[in-house]
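Enquirer: According to the working numbering, the sequence shown holds residues -1 to 596 in order. Virtual Cβ for every residue (Gly too), placed ideally from N, Cα, C. Remember, it's a predicted structure, so these values are computed and weren't measured experimentally.
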Amino acid sequence: MARPARFKLVLVGVFLALAVVTLIFTRSQVQAMRELKPELAQVEYAGSASCQECHKAEFDHWSESHHHKMNQIATPETVVGDFNNATYTFNGVTSRMYRKGNDFYIYTMDLNGKMGEALIVRTVGSRRFQQYITLVGTTFYRLPIAWNIEKKYWFHLQGLFLHPDREDFKEHLSTWNNNCIFCHNVKGKPGMEFPSRKFVNTKVAELGIGCEACHGPGKLHVEKNKTLGWSWLRRQIRADDPTIVEPKKLDKTTQLQICGHCHGQRIPVEGLDIKTVMEKGDPYTAGENLSKYFQPLNINTKVGDYSFAPRFYPDGTPRLTAYEYQGVLQSKCYQQGDMTCNSCHDVHRGRQQSLLTDNMRGNDGCVQCHQQIAANLAAHTHHKAESNGSSCNECHRPRIVFGLLTAKRSHRVHNPDAAKSLATNMPNGCNMCHQKETAVWAAQTISQWYGKPVPFLAPGGDSSEMVRELFSGDPSARCVAAWSLGQPGATSRREENLWAIPFLIQALRDPYPAVRYFAYDSLRAVAQKDIPFNYLDAVTNREAVINQYQAWWQSLPKPDTRFKPATVPLGTDWNIPAGQVTAYAETVRKSTAIEIGE
-1 MARPARFKLV LVGVFLALAV VTLIFTRSQV QAMRELKPEL AQVEYAGSAS
49 CQECHKAEFD HWSESHHHKM NQIATPETVV GDFNNATYTF NGVTSRMYRK
99 GNDFYIYTMD LNGKMGEALI VRTVGSRRFQ QYITLVGTTF YRLPIAWNIE
149 KKYWFHLQGL FLHPDREDFK EHLSTWNNNC IFCHNVKGKP GMEFPSRKFV
199 NTKVAELGIG CEACHGPGKL HVEKNKTLGW SWLRRQIRAD DPTIVEPKKL
249 DKTTQLQICG HCHGQRIPVE GLDIKTVMEK GDPYTAGENL SKYFQPLNIN
299 TKVGDYSFAP RFYPDGTPRL TAYEYQGVLQ SKCYQQGDMT CNSCHDVHRG
349 RQQSLLTDNM RGNDGCVQCH QQIAANLAAH THHKAESNGS SCNECHRPRI
399 VFGLLTAKRS HRVHNPDAAK SLATNMPNGC NMCHQKETAV WAAQTISQWY
449 GKPVPFLAPG GDSSEMVREL FSGDPSARCV AAWSLGQPGA TSRREENLWA
499 IPFLIQALRD PYPAVRYFAY DSLRAVAQKD IPFNYLDAVT NREAVINQYQ
549 AWWQSLPKPD TRFKPATVPL GTDWNIPAGQ VTAYAETVRK STAIEIGE
């Protein structure tokens, strides 16, 4: 066929298409499209499966995500714990985990203190830990026995959170209907009936964290985009799709609030009774103004006599994960710039562990705005450009946040401040890398490099800051220090870290299980000696292992004395003097009470 003839056929096709559109869409319909602004809070939820047909790549990534697998029905495909008649004993109570066909059971202590069989109906978590839910009447209970996925063992949830040892086995046997339901699912509704406080109609729009948690209810979006010609016309008339929330197209505050709804612990604003939330469900819909319904917790928040202050360092910086929203709100990068969660994280393409793309795991997240610093990085950091000392995150977002037995990065972007470490026990990035150095050293170095006066320094700054914090009265700081001492830091040879061994052995006696957990992991890393230690075991059993470690350290040939820092209290035998051990134990015993559960 000749080229002109083919061109004429194309033109005829275009005119026919336009004619069809003209017949289908009247002028009033076009105007209606321009003005369309549905109240998405009134729209029904369609479920993530409805997204698959048009958004396959995003759906496939989400299907493998930890968001999707946060809450699941208990099946042979979703349960990862050892239910092959396994047993676990904690505080004198022996629980047994077993299967009957495709059903999973835990024989354990119930709310009334009696042993009984609990059928597992749901799971919580899929990456590091998995917790198990049973149903009693209309109430879902999270059992206190969980599975460590990474290390493959059963443990009691007293060992997952930040608080001292407790005797009650039923600790952390909690109600799913009014706790996990909100952030681990889409549009939770506890359905609590008053005044009986019974759950009569508990519902979620979708189990697990589905697409509509961030994009809002999607039934109207699905229906409209399946209508002949609707999506074509919409694209001709407007840049947005008013039937769905597109977070990256929102202003920075609304964008941040979508993530902050779950990644920022909150309480209802004045006028929104918690009773209403428990009865009718979470009123917030993605894309709305979150502050209309909730306000983020901060260091001054109280509910009755209960204060949330322990969840924050004394300057207001969050100590705990699930407060990332508060950290970003406190950052100048947000306050004076355009930083949001989407600046670094990509929920549709990032690695499943962190939802960061590979380039955003390094300095790219910061240098996308701070290009002048990036042009001569070493001049700013006073470290080699390729070293950890030139990592934006290590300095400005150190791992000072407790996140279920991990040290997580702070989402409050701030400058290292050794003086604040001494005054508030909030660890700083400099000393977390240079572990043997003092806070005075860090403060003087910062002053010299950046032309700032040396601040007033509280007492205690003349000894290793990490050792000081390891035995401070702040359990959160002790966790960070115990974790930090197991990292290579600024050292290049193993001998340079061996001095930490006696301090980590002593930290195995900490009254907080989480500190013992970090100390044991770090001890194994530094000593390269693994004597099995159960951080939740009875005191006598733990002490027996500690004595084995001490005997091993005593018999080990010690490195050259030049590897023994002057900043740490070690005798000529490379052990902590008895008087210092007593002093450490007394400081820890008088710890500021920091108890952080869910």
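1) Kindly indicate the opening and closing residues of the beta strand (DSSP E) around Ser93.
2) What ranges does the beta strand (DSSP E) occupy inside the stretch 256 to 319, keeping only unbroken runs of at least 3 residues that lie completely in it?
3) Assuming Pro294 contacts Gly258 under a Cβ cut-off of 8 Å, what Cβ separation, rounded to an integer in Å, is found between them?
4) In chain order, what residues of the same chain have a beta carbon less than 8 Å from the beta carbon of Thr355, not counting five sequence neighbours either side?
5) Give the DSSP bridge partners of His154, in chain order.
6) From the DSSP output, in three-state form, read off Met464 for me.
7) With DSSP as the reference, label Thr590 as helix, strand or coil.
8) For Met(-1) and Gly227, what's the separation of their Cα atoms in angstroms?
9) Just tell me which of Ser408, Ala284, Val301 has its CA closest to the CA of Gln328.
10) In the stretch 329 to 391, which residue ranges form an unbroken alpha helix (DSSP H) of at least 4 residues, counting only runs that do not cross its ends?
11) Should Glu384 and Met430 be called a contact, given that it needs their Cβ atoms to be closer than 9 Å?
12) Below 8 Å on the Cβ atoms is my contact criterion, and I expect Gly157 with Tyr533 to pass it. Report the Cβ-Cβ distance as a whole number of Å.
13) Within 10 angstroms of the Cβ of Cys209, are there 16 or more other Cβ atoms? Answer buried if so, exposed if not.
14) Reducing DSSP to helix, strand and coil, say where Ala536 ends up.
15) With H, G and I counted as helix, E and B as strand and the rest as coil, what does DSSP make of Asn495?
16) Within the stretch 19 to 106, note down every full alpha helix (DSSP H) run reaching 4 residues or more, in order along the chain.
17) Taking 8 Å as the limit between beta carbons, can you name the residues of its chain near Ile574, skipping five residues before and five after?
18) Pairs of beta-carbons, one from the stretch 237 to 256 and one from the stretch 264 to 280, closer than 8 Å: are there three or more?
19) Could you tell me which residues DSSP puts in a beta bridge with Val122?
20) With 16 as the cutoff for other CB atoms within 10 Å, does Thr559 come out buried or exposed?
21) Rounding to the nearest angstrom, what Cα-Cα distance links Cys364 and Thr319 in this structure?
22) Measure the C-alpha to C-alpha separation of Asp519 and Gly484 and round it to an integer number of angstroms.
23) Would you please state the rounded distance, in angstroms, between the beta carbons of Thr241 and His213? I believe it to be under 8 Å.
24) Using the beta-carbon count (16 or more within 10 Å), is Val399 buried or exposed?
25) In three-state terms, what does DSSP make of Lys418?
26) Counting only the same chain and skipping the five closest in sequence on each side, list residues whose C-beta sits under 8 Å from that of Trp497.
Expert: Reading from the atomic positions:
1) To locate residue 93, count along the sequence shown from 1; it is residue 95. Where Ser93 is concerned, the enclosing beta strand (DSSP E) stretches over 91 to 98.
2) If we require 3 residues or more, the beta strand (DSSP E) runs fully inside the stretch 256 to 319 come out as 264 to 266, 292 to 294.
3) By 1-based counting over the sequence shown, the position of residue 294 is 296. By 1-based counting over the sequence shown, the position of residue 258 is 260. Indeed, because the Cβ distance is near 7 Å, the residues count as touching under 8 Å.
4) As a working note, residue 355 is residue 357 in the sequence shown. Apart from sequence neighbours up to five positions away, the residues of its chain that approach Thr355 with a beta-carbon distance below 8 Å are Asp344, Arg347, Gly348, Arg349, ordered along the chain.
5) Locating residue 154 in the sequence shown gives position 156, counting from the first residue. Residue pairing for His154: DSSP places it in a beta bridge opposite Ile143.
6) Taking the first residue of the sequence shown as 1, we reach residue 464 at position 466. Met464: helix per DSSP, three-state reduction.
7) Position 592 of the sequence shown holds residue 590. Thr590: coil per DSSP, three-state reduction.
8) Taking the first residue of the sequence shown as position 1, residue -1 is located at position 1. Taking the first residue of the sequence shown as position 1, residue 227 is located at position 229. Residue placement at Met(-1) cannot be trusted, given a pLDDT of 49 that sits under 50; what the coordinates show is reported in the next sentence. Straight-line Cα distance between these residues: approximately 31 Å.
9) Position 330 of the sequence shown, counted from the start, is the residue given in the question as residue 328. Among Ser408, Ala284, Val301, the Cα nearest to that of Gln328 is on Ser408.
10) Whole alpha helix (DSSP H) segments, 4+ residues: 330 to 333, 362 to 365, 369 to 373, 375 to 379.
11) Sequence index remark: in the sequence shown, residue 384 carries index 386 (1-based). Sequence index remark: in the sequence shown, residue 430 carries index 432 (1-based). Their beta carbons are not under 9 Å apart, which means Glu384 does not touch Met430 by this criterion.
12) Here residue 157 corresponds to residue number 159 of the sequence shown, with the count starting at 1. Here residue 533 corresponds to residue number 535 of the sequence shown, with the count starting at 1. Confirmed, Cβ separation roughly 6 Å.
13) In the sequence shown, the residue the question calls residue 209 occupies position 211. Buried, since its Cβ has 16 or more Cβ neighbours within 10 Å.
14) Here residue 536 refers to the residue found at position 538 when the sequence shown is read from its first residue. DSSP places Ala536 in coil when its eight states are reduced to three.
15) One-based indexing of the sequence shown puts residue 495 at position 497. In the structure shown, Asn495 sits in a helix (DSSP, three-state: H, G or I).
16) Under the rule that a run must span 4 or more residues, the alpha helix (DSSP H) segments found entirely inside the stretch 19 to 106 read 25 to 33, 54 to 61.
17) Against the sequence shown, residue 574 aligns to sequence position 576. These residues qualify, in order along the chain: Pro500, Phe501, Gln504, Pro567, Leu568, Tyr582.
18) Result no; under three Cβ-Cβ pairs closer than 8 Å.
19) Here residue 122 corresponds to residue number 124 of the sequence shown, with the count starting at 1. Answer by DSSP bridge pairing, in chain order: Asn69, Gln129.
20) Along the sequence shown, read from residue 1 onward, the residue named residue 559 stands at position 561. With fewer than 16 other Cβ atoms within 10 Å, it is exposed.
21) Position 366 of the sequence shown, counted from the start, is the residue given in the question as residue 364. Position 321 of the sequence shown, counted from the start, is the residue given in the question as residue 319. C-alpha separation (whole angstroms): 21 Å.
22) Counting from one through the sequence shown, the residue named residue 519 turns up at place 521. Counting from one through the sequence shown, the residue named residue 484 turns up at place 486. Spanning the two alpha carbons is a distance of roughly 7 Å.
23) As a working mapping, residue 241 is identified with position 243 in the sequence shown. As a working mapping, residue 213 is identified with position 215 in the sequence shown. The C-beta distance from Thr241 to His213 rounds to 10 Å, too long to meet the 8 Å contact threshold.
24) Within the sequence shown, residue 399 is the residue found at index 401, counting from 1. When all chains shown are included, Val399 counts as buried.
25) Taking the sequence shown and counting its residues from 1, one reaches residue 418 at position 420. Here Lys418 carries a helix assignment [DSSP, helix/strand/coil].
26) Counting from 1 along the sequence shown, the entry for residue 497 is found at position 499. Result list for Trp497: Lys434, Phe561, Lys562, Pro563, Val566, Leu568, Trp572, in chain order.
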